[in-house]
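Numbering (my numbering), first residue to last: 26 to 334.
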Amino acid sequence: MPQSFFALFAGLLMAASLVVPIPARLAAPAAAQPAPAPPGEPAAGWPEPTAAPAPGQPAPAPDSPEVRRQVSGARALSATATCFYGPHIDQAQAKRLCGYQARGRLLDNAAAQFGSDPAVVRAGLTPPDLRAFADSILKPAVADEEVRVLHDGLAVRLTLRAETAPEAVAERLAAFAANPGLRAAARAETAGRDRQAGEARMAAVPFGADREFRAREMEHDMGQDAAFAERRIVPGMSIAQVKELLGNPATVKQAVIGPESYLCAGYGRIWIVFRDGAVNCLRSRLDYVRRYDTDCHCAGNYSTILKND
Numbered sequence: 026m027p028q029s030f031f032a033l034f035a036g037l038l039m040a041a042s043l044v045v046p047i048p049a050r051l052a053a054p055a056a057a058q059p060a061p062a063p064p065g066e067p068a069a070g071w072p073e074p075t076a077a078p079a080p081g082q083p084a085p086a087p088d089s090p091e092v093r094r095q096v097s098g099a100r101a102l103s104a105t106a107t108c109f110y111g112p113h114i115d116q117a118q119a120k121r122l123c124g125y126q127a128r129g130r131l132l133d134n135a136a137a138q139f140g141s142d143p144a145v146v147r148a149g150l151t152p153p154d155l156r157a158f159a160d161s162i163l164k165p166a167v168a169d170e171e172v173r174v175l176h177d178g179l180a181v182r183l184t185l186r187a188e189t190a191p192e193a194v195a196e197r198l199a200a201f202a203a204n205p206g207l208r209a210a211a212r213a214e215t216a217g218r219d220r221q222a223g224e225a226r227m228a229a230v231p232f233g234a235d236r237e238f239r240a241r242e243m244e245h246d247m248g249q250d251a252a253f254a255e256r257r258i259v260p261g262m263s264i265a266q267v268k269e270l271l272g273n274p275a276t277v278k279q280a281v282i283g284p285e286s287y288l289c290a291g292y293g294r295i296w297i298v299f300r301d302g303a304v305n306c307l308r309s310r311l312d313y314v315r316r317y318d319t320d321c322h323c324a325g326n327y328s329t330i331l332k333n334d
């Protein structure tokens, strides 16, 4: 082939290389490509990843109450007093007197708690100073209050609650240790509160409120037991099945009538009568029948029978 042809062909190739653009990804210098990030680290130029909240839970704001509560370390104290006063004391006075009692119990709890605090132990406070210190820290608020008007007086149940922040305890402790006048004033104030609590206890009828509130709660519980038994207990159930649902009865009676044996289990406001080991009926009360000489059966006044077979 003539040499002029080869020269012409080489010239055409050189001209084509000047016209056709080189792809940008091939033309970019190697320094422009970001280096791959090591495993577990974010790539250069990307924001740091944030921790994902738990499934179904929104992430709390940095200054949300939930976050502050987790890091506050506040101590919570509470105390409840139940008080009964005669008809000569009105509601406002009864609540105030019962509040004095609850405040005294709250102070007892606070003194016991602060008495085991290492910082307070190192301060070497005497028992009266320790009680006065705990009293000066408390800022109680009423958490729950209930008043029941009875024919012979008033029953009051009152709950106080207080929270103490660690920084407030440290500041108060330092001032208390450095200032004898402050300690003396705090002791006098605490002694006055203790007198108020003592006078409130003297004005109350002992155990009256405890009996009243406990009786109401027992009555409520018995009503719930009766309603539950009416829904769940059916004739034919065994003693074991009933005990699994209701537990052991408060009262038990037995009777034998002819060839049949009866067992009557009392659950508050309801009686479950078993015949030969299986539930025969549910009664609101037992009914004495002379011919059987017993009240443990499913006969007699049928208006007292709630369910039977």
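Ideal placement from N, C-alpha and C gives every residue a C-beta, glycine not left out.
Are residue i and residue j closer than 9 Å when you measure CB to CB?
{"i": "L288", "j": "K278", "result": "yes"}
{"i": "T329", "j": "R316", "result": "no"}
{"i": "T184", "j": "A101", "result": "no"}
{"i": "A203", "j": "G129", "result": "no"}
{"i": "Y125", "j": "Q221", "result": "yes"}
Once you ignore the five residues that flank residue i on each side, which residues in its own chain have a CB closer than 6 Å to its CB?
{"i": "D154", "result": "R208"}
{"i": "G291", "result": "P274, A275, T276"}
{"i": "F345", "result": "What is shown of the chain runs 26 to 334, which leaves residue 345 out entirely."}
{"i": "Q335", "result": "Here the chain comprises residues numbered 26 to 334, so residue 335 is not present and cannot be evaluated."}
{"i": "R212", "result": "P153, A157"}
May I have the straight-line CA-CA distance separating residue i from residue j, to the nearest angstrom?
{"i": "C123", "j": "A137", "result": "22 Å"}
{"i": "D177", "j": "Q116", "result": "13 Å"}
{"i": "I258", "j": "V281", "result": "23 Å"}
{"i": "R310", "j": "P274", "result": "14 Å"}
{"i": "F201", "j": "H113", "result": "42 Å"}
{"i": "F299", "j": "T107", "result": "41 Å"}
{"i": "R218", "j": "V174", "result": "27 Å"}
{"i": "K268", "j": "F253", "result": "13 Å"}
{"i": "D320", "j": "G293", "result": "17 Å"}
{"i": "G223", "j": "P205", "result": "27 Å"}
{"i": "S141", "j": "T151", "result": "13 Å"}
{"i": "V172", "j": "D334", "result": "45 Å"}
Once you ignore the five residues that flank residue i on each side, which residues in its own chain have a CB closer than 8 Å to its CB?
{"i": "E255", "result": "I295, L307, L331, K332"}
{"i": "A144", "result": "V194, A195, L198"}
{"i": "G325", "result": "D312, Y313, V314"}
Thinking C-alpha only, which one of the options is nearest residue i?
{"i": "V343", "options": "A200, S161, K120, G206", "result": "Shown here, the chain extends from 26 to 334; a query on residue 343 therefore has no answer."}
{"i": "I297", "options": "Y313, T189, H322, D318", "result": "H322"}
{"i": "G111", "options": "L150, A228, G293", "result": "A228"}
{"i": "G283", "options": "Q118, I114, D318, L163", "result": "D318"}
{"i": "A127", "options": "E170, N326, F201", "result": "E170"}
{"i": "I338", "options": "V172, T189, L175, F109", "result": "Because the chain is modelled from 26 through 334, residue 338 falls outside the range shown and cannot be assessed."}
{"i": "T215", "options": "F109, L132, C108", "result": "L132"}
{"i": "F109", "options": "L150, D142, R182", "result": "R182"}
Here's a check: name, in chain order, each residue in its chain whose Cβ is nearer than 7 Å to the Cβ of residue i, leaving out the five neighbours to either side.
{"i": "G302", "result": "S263, I264"}
{"i": "A210", "result": "none"}
{"i": "K164", "result": "A187"}
{"i": "A285", "result": "A quick correction: the sequence has Glu, not Ala, at residue 285. Correct list, in chain order: R300, D301."}
Nearest chain B C-beta to residue i closer than 9 Å, yes or no?
{"i": "A119", "result": "As a matter of chain content, chain B is missing from the structure shown, which is built from one protein chain."}
Between residue i and residue j, which are expected to be in contact by the criterion C-beta below 8 Å, what is the C-beta distance as a whole number of angstroms?
{"i": "L198", "j": "A148", "result": "6 Å"}
{"i": "V314", "j": "P260", "result": "Not a contact, Cβ separation roughly 20 Å."}
{"i": "A135", "j": "A159", "result": "4 Å"}
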